[in-house]
Every structure is written in C-alpha cells, then in structure tokens.
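Residues in the sequence shown are numbered from -4 upward in steps of one, following my numbering. Read the structure below first, then the notes.
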Amino acid sequence: HHDPEDALAGLLVEPADGTGVSHHLRDDGELWQMREYIAHRSLYQLKEADPHVWVIPRLRGRAKAAMAAVEYDEFGAGRGERVHAELFADLMVDLALDPTYNHYLDATSARMLAVVNMMSLLGLRRSLRGALVGHFATVEITSSPASDRLAQALRRMGAGEAAVFFYTEHVEADAVHEQVVRHEVIGDLLKREPALAADVAFGIDATVFLEDRFAEEVLGAWRDGRSSLRVPL
Ligand SMILES: [Fe+2]
Ligand SMILES: [Fe+2]
C-alpha cells in the first residue's frame, strides 16, 4: 500500500472466516496450545511497549502528546502492578510458565523473533519513525478483538483471573488506543510530515505480513499435532 488509510482499511475488516490463532484458541484450542502461544508471545509481551517508547523524541506536538498518553497506559498509568508487561508475567505464572525475560528465546520460532526485531529496528531509527507509528497502530487496532477472543479461550480452559485479566484489560484499553493512534498520532504526524505516508503504510503492511507468517507456522504445527516450539514445554 502507498496510502496508510488503504492499509488500515484492511485491518478494520475482521475476516468472516476467522482463521487466526485467537479464533482457533477460542473455538477449538487446547490448554497446551494456549501455553505455547503465550511462551512465543512472551518474547515481546514481557517488554510490552518498550520498543515503541523510543519514537516519542522523534515526534512533535499533538502526535507526541498522544503517543505519550497511550504509552502511559501501557506502563500502568502510575501503578507498578498495572504495567502491561507485569500483567503478562502474572498471566504466565497462572499458566505455570516461567516469566523470566527471554526464558523462551531458544524455544520460540524465528518468525516470532522477526516480529520482535522489527519493533526494535523501527523504534531505534529516526528515519523509520513513520513505519514505527504504522506498526504501533496495527498492534493497537488488531488487539481489542483478538484480546476478547483470547479472554474467552482462557475462561473456557479454566484459567485463573490473573490470566484472563491481561486480555480483558486490553479489550477496553486498546479500543481507546486505536482511536488515539489513528487520529492523533498518525493524523498529526502526516499533517506535519506528509512525505512519511508511504512509511506509515509500510509499517502497517510489514506488521501484518510478519504476524500472518508467524500465525501460519503455529497453526500449521498444531494442525499436524506437533508442538509449535523448537523446545516443547
Ligand atoms: Fe498493552
Ligand atoms: Fe494498547
């Protein structure tokens, strides 16, 4: 896509067939599959929002203020126990997983690491600030409906309240974050720097591409009755 609006439009249409990992986990997933998924995700979620905060010094005015406001929520809005990375650690403990940072580094797949590395790359380079913002918008827009499915999956599997809470918290928070990122962060950035439109679209498309590739691998392994991890739990 060349236009961020076109790239975002694809995200706003939930696929009717519902073939994502969260659809599978909600409808037919088993607890071992949920634990594998959480182990993969832990590579990012235990440092949730950290790679995104690097973009703040590279934004100005309204875009900067809005990005900082969303990150304030991600970092617990002043409450240590509500930092999203901490909520994810609580979820891991509830599922009897190890919440040590990078504990599952050797177990996860290269496709998950590509997602994590993309965030760091985009966050660390001023020249890629447009792509970082596009990437972040994609995360926020797709999070709310997927979090709802994952909360349902965890409830069905009998997980504890701490596990469910990470996702129920994201259903509401990210519905708001989506609007703020779309209208305030992207909107204001492109008003100031219209030449970044193609970069924003690239960040959206790259995120969708890498996430789809990861989902395909995980679902493929499960379809064959195999572990999706290189080192099974
Ligand atoms: Fe979050
Ligand atoms: Fe968020």
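Glycine included, every Cβ here is placed at the ideal spot set by N, Cα and C.
Check: residue i C-beta below 8 Å from any heavy atom of ligand 2
i: ALA64; result: no
i: VAL78; result: no
i: SER138; result: yes
i: HIS178; result: no
Buried versus exposed, by CB contacts within 10 Å (16 or more), residue i
i: THR202; result: buried
i: PRO52; result: exposed
i: GLU173; result: buried
i: GLU69; result: buried
i: GLY125; result: buried
i: ALA105; result: exposed
Rounded separation between residue i and residue j - CA only
i: HIS165; j: ILE33; result: 15 Å
i: ARG36; j: MET107; result: 8 Å
i: PHE131; j: VAL176; result: 8 Å
i: ARG74; j: ASP219; result: 43 Å
i: LEU184; j: ALA170; result: 21 Å
i: LEU119; j: SER222; result: 33 Å
i: ASP97; j: PRO189; result: According to the sequence provided, residue 97 is Asn. The question's Asp does not apply to it. Computed Cα separation, rounded: 38 Å.
i: GLY155; j: LEU117; result: 35 Å
i: ALA192; j: MET152; result: 43 Å
i: PHE160; j: SER139; result: 13 Å
i: LEU100; j: PRO94; result: 12 Å
i: HIS18; j: ARG77; result: 27 Å
Any non-hydrogen atom of ligand 3 closer than 8 Å to residue i Cβ
i: GLU69; result: No copy of ligand 3 occurs in the structure displayed; its ligands are ligand 1 and ligand 2 alone.
Residue i CB to nearest heavy atom of ligand 1 below 8 Å
i: ALA168; result: yes
i: ALA196; result: no
i: GLU211; result: no
i: GLU43; result: yes
i: HIS165; result: yes
Residue closest to residue i, alpha-carbon to alpha-carbon, out of the options
i: ASP194; options: GLY129, GLU43, ALA157; result: GLY129
i: LEU20; options: LEU228, PRO227, LEU214; result: LEU214
i: THR163; options: TRP217, SER142, GLU31; result: SER142
i: GLU135; options: ALA210, ASP(-2), ILE199, ALA148; result: ILE199
i: ARG121; options: HIS47, SER17, PHE83, GLY13; result: HIS47
Within 9 Å, strictly: CB atoms of residue i and residue j
i: LEU41; j: ALA72; result: no
i: ALA157; j: ASP85; result: yes
i: VAL231; j: ALA58; result: Given that the chain is displayed from residue -4 to residue 228, the structure contains no residue 231 and the question cannot be resolved.
i: ARG225; j: ALA102; result: yes
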